[in-house]
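This report refers to the structure that appears directly beneath it.
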Amino acid sequence: MFTKDFFEVFTQIIKSWQVIAVAVVIFLYLKIVSYVSRSYHPPKQSKVKIKKEKPAPAPAAPPPEESESESDSGSNDELGLEEA
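With positions in the sequence shown counted from 1, the corresponding number in the numbering used here is that position plus 2.
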């Protein structure tokens, strides 16, 4: 279908510096336009709804406070041990 001469001319045209330079310029132009459009218009948020966390329920009653006599007994109270 293609003749050998046509194929050689076609490859020479594709490899010419003018075609390569124009392709590079077009590529850079598209990259710059894409960057600028993203900076002016941030991406839209997805339509997936984010589940909101429910606040933790408040404790019903505050924990009982220790009296001074219990805290003076020593380190056994911290471990939950009783004195014999």
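By construction, the Cβ of each residue, glycine as well, lies at the ideal position given by its N, Cα and C atoms.
#### Entry: For glutamate 10, three-class secondary structure by DSSP
Looking up residue 10 in the sequence shown gives position 8. In the structure shown, glutamate 10 sits in a helix (DSSP, three-state: H, G or I).
#### Entry: Where lysine 33 sits in the DSSP three-state scheme
Position 31 of the sequence shown, counted from the start, is the residue given in the question as residue 33. In the structure shown, lysine 33 sits in a helix (DSSP, three-state: H, G or I).
### Query
Do the CB positions of isoleucine 15 and valine 24 come within less than 8 Å of each other?
Here residue 15 refers to the residue found at position 13 of the sequence shown. Here residue 24 refers to the residue found at position 22 of the sequence shown. Not a contact, by the Cβ cut-off of 8 Å.
### Query
What does a CB cutoff of less than 6 Å around phenylalanine 9 pick up in its chain, not counting 5 residues either side in sequence?
Against the sequence shown, residue 9 aligns to sequence position 7. Closer than 6 Å at Cβ, skipping near neighbours: no residue.
### Message
Measuring only the C-alpha atoms, how far is lysine 49 from threonine 13?
### Response
Working through the sequence shown from its first residue, we reach residue 49 at position 47. Working through the sequence shown from its first residue, we reach residue 13 at position 11. Taking the straight line from one Cα to the other gives about 48 Å.
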